[in-house]
Each structure stands twice: as C-alpha cells, then as structure tokens.
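K.L.:
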Amino acid sequence: MEKKVTSHFVKGLIIGIAVVLIGILFQVFDIYERWVQWVTIVCYLAAIVWACYSFSVDMDGEVTFGSVFGHGFKTAAIVTLIAIAGFILSTFLMPEVKEKAMEMARKGMEENPQMNEETIDKAIEFTSKYFFLFGVVGSLFSYAFIGGIASLIGAGIAKKNPNANMPKSI
257 MEKKVTSHFV KGLIIGIAVV LIGILFQVFD IYERWVQWVT IVCYLAAIVW
307 ACYSFSVDMD GEVTFGSVFG HGFKTAAIVT LIAIAGFILS TFLMPEVKEK
357 AMEMARKGME ENPQMNEETI DKAIEFTSKY FFLFGVVGSL FSYAFIGGIA
407 SLIGAGIAKK NPNANMPKSI
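Counting in our numbering, the sequence shown runs from 257 upward without gaps.
#1: So, using beta-carbon positions, are G328 and A406 closer together than 9 Å?
#2: Does DSSP put M358 in a helix, in a strand, or in coil?
#3: Let me check understanding here. Comparing Cα to Cα, which of I376, E366 and D314 lies closest to V261?
#4: Using only alpha-carbon positions, find the residue among F282, V392, V353 and A307 that is nearest to V295.
#5: Can you tell me the Cβ-Cβ gap for F311 and V324, rounded? I've got them flagged as a contact below 8 Å.
#6: Helix, strand or coil for T262? Go by DSSP, reduced to three states.
#7: Restricting to Cα atoms, I'd like to know which of T375, V393 and S398 is closest to Q293.
#8: In the structure shown, what three-state DSSP assignment does F285 receive?
#9: Apply the 10 Å Cβ neighbour rule to F348 and answer buried if 16 or more other Cβ atoms are within range, or exposed otherwise.
#10: What separation, rounded to the nearest whole angstrom, lies between the Cα atoms of I340 and K267?
#11: Measure the alpha-carbon distance for F382 versus G364 and round it to whole angstroms.
#12: Quick check on D314: does DSSP put it in helix, strand or coil?
#13: Can you tell me which of I270, G279, K259 and D286 puts its alpha carbon nearest to the alpha carbon of S395?
#14: Could you compute how far the alpha carbon of I426 sits from the alpha carbon of V305?
#15: Is A414 near Y309, with beta carbons less than 9 Å apart?
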C-alpha cells in the first residue's frame, strides 16, 4: 500500500486559515499587545517547521535538504497568500482595525520626545493613506521571510536518508 504524502497546498491551507482565524479572534477581542504578535509568529514558524518535518517522515527520509526546504517554502507561500487575503477581508469587513492601528501608531509616536504634533499628524496621515498597501506588502515580506527561515530550520532538522538513486553531493 502506497503511503500518502500531504501536499504543501493542504498544509498551507490549514496553517493559513489558522493564522487568519487567530488574527480575527485577537481583533474581535481587542487584543493588540506586542507579545500576542510574537506568539502568533512563533506558532507560524513552528507550523512551517512541522510541515517540513512531516514531509520528511511521509517520505520515509528519502529526501534532500532542498526538497524539504522547497516543500516548506511552498507551504509558506500558500500561508502568505491566505494571510494577505485575510488582511484584505478584515480591512474591508472591520474598518475599525485601521482606526485602532492608527491610534496605536499615534500613541507610539507621542512617546517619542523628538516628534512634535505636526510631524505626528503628517506621519499618521501618510500611514493612513497607504495603510492598505503597507498591510499587503508587510504581510507579503514578513510571512515569506519568516516562512523561509522556518523552512531552513525544518530542512535542517528533518530526517534525511536519500536512497542510492539520488545524486550524491561531492
């Protein structure tokens, strides 16, 4: 009986939906602390490492570093697309998210003694104007970057026992 390998698409779909749902829960319950963002990032990182490791196990270790990394990065790419879609949906369905982000940004700037009221107002106006673009591009780069790091970690720890048919490195 042939062993079934869970595809990167399915893993990415599951992880991506989980990431979006966690983000929505935090927004609904008005949880915006910095540590919560770090917990979410660590969970995402661990999920991609798990995807790499489970791929290696599903393949009985008959993998290379590159194949495991590729599987993990493709999984991360799916998660990234879902996270961007989640950001877009939440921006349109919950406009208070943008308002809360602007409020938090203003608070952070007000704590900086080098920023005066005029500078803060200009920065908030600029950020508000390009909020959507910053959110999409920020999601793209942060999820892809973290996914790449997690894929490297996952490929590094995954069991690799390539068979004789695979090319040997010199």
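Note that CB positions come from ideal geometry on N, CA and C, so glycine has one too.
P.N.:
Inspection of the coordinates gives the following:
#1: As a working note, residue 328 is residue 72 in the sequence shown. As a working note, residue 406 is residue 150 in the sequence shown. Less than 9 Å divides the Cβ of G328 from the Cβ of A406.
#2: Indexing the sequence shown from 1 puts residue 358 at position 102. Helix.
#3: On the sequence shown, position 5 is the one that residue 261 refers to. Ranking the options by Cα distance to V261, first place goes to D314.
#4: As a working mapping, residue 295 is identified with position 39 in the sequence shown. The shortest Cα separation from V295 among F282, V392, V353 and A307 belongs to F282.
#5: As a working mapping, residue 311 is identified with position 55 in the sequence shown. As a working mapping, residue 324 is identified with position 68 in the sequence shown. Confirmed, Cβ separation roughly 6 Å.
#6: Taking the sequence shown and counting its residues from 1, one reaches residue 262 at position 6. In this structure, T262 counts as coil in the three-state DSSP scheme.
#7: For the purposes of this step, residue 293 is taken as the residue at position 37 of the sequence shown. Here the closest residue by C-alpha is S398.
#8: As a first step, residue 285 is located in the sequence shown; it is residue number 29 there, counting from the start. Coil at F285, not helix or strand.
#9: If you number the sequence shown from 1, residue 348 lands on position 92. F348 comes out exposed.
#10: Within the sequence shown, residue 340 is the residue found at index 84, counting from 1. Within the sequence shown, residue 267 is the residue found at index 11, counting from 1. Distance between the alpha carbons of I340 and K267: 17 Å.
#11: Residue mapping note: residue 382 aligns to position 126 of the sequence shown, counting from 1. Residue mapping note: residue 364 aligns to position 108 of the sequence shown, counting from 1. Going by the C-alpha atoms only, they are around 15 Å apart.
#12: Start at 1 with the first residue of the sequence shown, and residue 314 comes out as number 58. Reduced to three states, the DSSP call for D314 is helix.
#13: Start at 1 with the first residue of the sequence shown, and residue 395 comes out as number 139. With distances taken between Cα atoms, S395 lies closest to G279.
#14: Along the sequence shown, one-based indexing puts residue 426 at 170. Along the sequence shown, one-based indexing puts residue 305 at 49. For I426, the predicted structure reports a pLDDT of 46, less than 50, and the residue's modelled location is therefore unreliable. The matter cannot be settled from this model.
#15: Against the sequence shown, residue 414 aligns to sequence position 158. Against the sequence shown, residue 309 aligns to sequence position 53. Closer than 9 Å, so yes.
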